[in-house]
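Heads up: the structure comes next, in structure tokens.
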């Protein structure tokens with residue numbers, strides 16, 4: 049059996065209310081690099097405050113974690129046996145209406161930004177809107193600036209046409225850090241074959257998600273079904289364009305889910321992927337309740353018929369290669 | 049000949065860098081009520097600063113101007129022989145991403161808000177975008193809130209589908225405070241017959257514009273052609289749905305035009321309705337160079353065949369009636 053100790057593990061999206069115990073568990077579970085969300089609807093000042101909270105984490109838990117500012121830092125983190133933290137935004141709200149704030153946020157450490165969350169943003173349309181205006185005038189400028197700086201464009205929550213246009217307009221491959229194919233489970237947040245094919249043909253990456261609303265059978269999705277989805281997706285996209293973006297959410301109460309769903313834009317709560325009958329956090333599948341689940345995925349991929357080299361690519365090497373190409377600043 | 053002294057004059061959009069001389073000239077030119085723009089791309093704090101500047105104006109020029117907070121204030125201004133100032137935003141940037149700021153801005157005195165300027169906003173699509181996603185999820189909530197408060201929805205700079213949808217979704221008639229029909233001069237900023245017919249059928253108002261980029265023959269547009277356009281538009285929309293929204297811009301330098309066009313969203317200047325060859329403010333028609341031009345319009349409307357009652361409606365009474373219906377708060 050293939051062991052987690054043997055391979056690099058990169059999770060390209062988590063939203064966790066971290067404490068020392070959770071960092072320790074991620075480390076003993078073999079996680080090397082984690083892309084952590086630090087903004088949904090947060091504006092510039094609120095995002096600064098979230099960076100400040102992470103500065104505290106880095107001071108307090110210096111033996112366990114370190115920030116990733118460039119590609120070399122990833123190797124440094126592996127060498128030092130620390131979890132490397134990559135900062136990302138699930139919306140463009142941290143830059144507000146100011147293109148020059150992209151460079152500011154990049155300097156502060158943001159390496160990945162979604163052009164929209166579920167709603168229309170100033171840059172692109174979110175997957176929950178009725179119609180899709182595509183990449184806006186501001187969005188076109190933002191893509192050029194993100195390309196120049198080496199900030200990854202993430203379209204996980206964006207609508208179909210906006211996503212296709214971002215793939216086309218971006219001079220660098222883009223990412224969908226956390227979503228699944230619609231052919232596995234049809235949901236507004238999952239992606240069509242057209243999007244996934246265009247993404248892979250342009251050198252982009254898909255991180256498959258373990259958030260129950262993105263899974264066939266939701267919380268009851270079986271490990272074998274999840275790994276079969278990865279197998280089918282690898283056949284469609286190629287084995288080099290796939291990784292994990294677990295969308296693991298841990299240790300948050302319901303008020304945070306309300307913030308994620310409703311931000312400041314609705315006077316009454318919007319239930320997003322949930323409903324008024326079932327508004328709260330969904331239950332994770334029993335084989336992926338926390339960071340310990342990565343070992344189960346490795347085993348599941350082994351059982352479904354991937355070889356060791358392929359599993360290594362899916363669990364981390366593909367993201368590593370993608371980050372190498374993506375993080376370099378263009379002159 | 050009909051004299052300006054005989055009638056109420058309301059200009060439903062101006063963007064002027066006001067000083068005492070300009071207030072005095074507006075007053076001697078017979079202006080009673082002016083809707084003044086105090087935000088294009090200004091965020092909450094910048095808009096607060098613009099309210100503060102106006103508080104200074106009201107203190108310094110208390111003998112000439114007063115703020116309009118409700119419908120009764122309009123009659124008070126007329127009685128006191130002062131120009132009544134109605135505040136408006138040409139974009140939703142003052143509320144940022146926060147629906148509760150609509151009520152805050154309304155309390156501060158904002159009575160009219162465009163759901164977008166030329167670009168995609170968080171609420172609706174602007175007329176310069178390639179595609180139009182219509183009223184967004186946030187936009188639908190914002191319309192309900194503006195309807196409740198009695199804040200007028202203005203779609204002057206918005207794209208076609210967004211405008212049609214705003215007319216439909218709003219429980220109160222909306223306004224296009226400053227634009228002309230495309231049939232008069234085809235421009236991204238002017239409006240289709242479909243929009244104008246839906247607007248008038250729903251009880252909404254069009255303010256015809258004197259900004260040269262909205263005029264046939266631009267700066268060389270003749271008074272008779274402008275008045276003929278009003279005549280034709282009155283035939284299409286009805287005589288009760290038309291007023292003036294001159295879009296008169298006075299006493300600003302080029303940097304302000306750059307701000308209006310490019311805000312903070314572009315690293316290089318966007319020339320908007322102008323071009324790199326001709327970037328600056330367009331020359332006004334010689335019959336409408338400043339507030340003195342309103343008397344010329346009255347004469348032009350007389351010459352084109354409108355009777356006194358009709359001219360009174362166009363010059364102010366229609367806006368007055370519209371404000372009466374619009375400003376009342378729904379419980």
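Chains as they are written, first to last, in the working numbering: chain A, 49 to 379; chain B, 49 to 379. The C-beta atom is built at its ideal place from N, Cα and C for all residues, glycine as well.
Between residue 374 of chain B and residue 258 of chain A, the alpha-carbon positions lie close to 50 Å from each other. Taking 8 Å as the cut-off, the beta carbon of residue 213 of chain A is found no closer than this to the beta carbon of residue 174 of chain A. For residue 176 of chain B, the closest Cβ of chain A is nearer than 8 Å. Annotation: residue 95 of chain B has no Cβ neighbours in chain A at a cutoff of 9 Å; minimum Cβ distance is about 13 Å. In the three-state reduction of the DSSP assignment, residue 272 of chain A falls in the helix class.
A check of alpha carbon separations from residue 205 of chain B across B:254, B:338, B:248, B:347 identifies B:254 as the nearest. The beta carbon of residue 241 of chain A sits closer than 8 Å to those of 229, 230, 231, 284, all from its chain and outside the five residues before and after it, given in chain order. Annotation: residue 197 of chain B has no Cβ neighbours in chain A at a cutoff of 7 Å; minimum Cβ distance is about 12 Å.
By the CB criterion at 8 Å, residue 223 of chain B and residue 370 of chain B fall inside the cutoff.
Residue 181 of chain A reaches chain B at 168, 173, 177, 179, 180, 181, counting residues in chain order whose Cβ is nearer than 7 Å. Identification of chain B residues near residue 189 of chain A by a Cβ-Cβ cut-off of 7 Å yields 313, 314, 315, ordered along the chain.
If you look at residue 232 of chain B, you'll find it isn't in any alpha helix (DSSP H); DSSP assigns it neither H nor E. Taking 8 Å as the cut-off, the Cβ atoms of residue 377 of chain B and residue 197 of chain B count as close. Minimum Cα-Cα distance from residue 311 of chain B among the listed residues A:160, A:195, A:334, A:148 corresponds to A:148.
Annotated three-state conformation of residue 177 of chain A is coil, per DSSP. Residue-level contact by beta carbon holds for residue 144 of chain A and chain B, with a gap shorter than 8 Å.
Taking a cut-off of 8 Å for Cβ pairs, the stretch 128–143 of chain B and the stretch 94–107 of chain B touch, as three or more such pairs fall below it. For the options A:244, A:337, A:216, the alpha carbon positioned closest to that of residue 225 of chain A is the one of A:244. Residue-level contact check: residue 110 of chain A does not touch chain B, since none of the beta carbons of chain B fall below 8 Å from its beta carbon. In the DSSP assignment, the residues bridged to residue 62 of chain A are A:84, A:296. Beta-bridge partners assigned by DSSP to residue 206 of chain B: B:174. At the C-beta level, residue 122 of chain A and residue 363 of chain A stay beyond 8 Å of one another.
In this structure the stretch 349–369 of chain B does not lie against the stretch 323–340 of chain B, because fewer than three pairs of beta carbons, one per stretch, are closer than 8 Å. Remark: C-beta atoms of residue 130 of chain B and residue 112 of chain B approach each other more closely than 8 Å. Excluding its 5 nearest sequence neighbours in each direction, residue 279 of chain A has C-beta neighbours in its own chain below 6 Å: 352, listed in chain order. Under DSSP, residue 239 of chain B forms a beta bridge with B:229.
Under the Cβ distance rule, residue 307 of chain B does not count among the residues neighbouring chain A, no pair being separated by less than 8 Å. For the stretch 316–351 of chain A, there is no continuous alpha helix (DSSP H) assignment of 4+ residues that stays within its boundaries. When Cβ pairs closer than 8 Å are counted between the two stretches, the stretch 330–347 of chain B is seen to touch the stretch 73–81 of chain B, the count reaching three or more. Under the Cβ distance rule, residue 103 of chain B does not count among the residues neighbouring chain A, no pair being separated by less than 8 Å.
The straight-line gap separating the alpha-carbon atoms of residue 82 of chain A and residue 296 of chain A is approximately 11 Å.
Across the structure, residue 107 of chain A and residue 128 of chain A are spaced so that their CA atoms are roughly 16 Å apart. Taking every protein chain shown into account, the CB of residue 289 of chain A has 16 or more other CB atoms within 10 angstroms, so this residue is buried.
Restricting attention to B:313, B:221, B:327, B:200, the CA atom closest to the CA of residue 187 of chain A is found in B:313. Against chain A, a Cβ distance below 8 Å from residue 141 of chain B picks out 145.
By the neighbour-count criterion, in which 16 or more other beta carbons inside 10 Å mark a residue as buried, residue 167 of chain B falls on the buried side.
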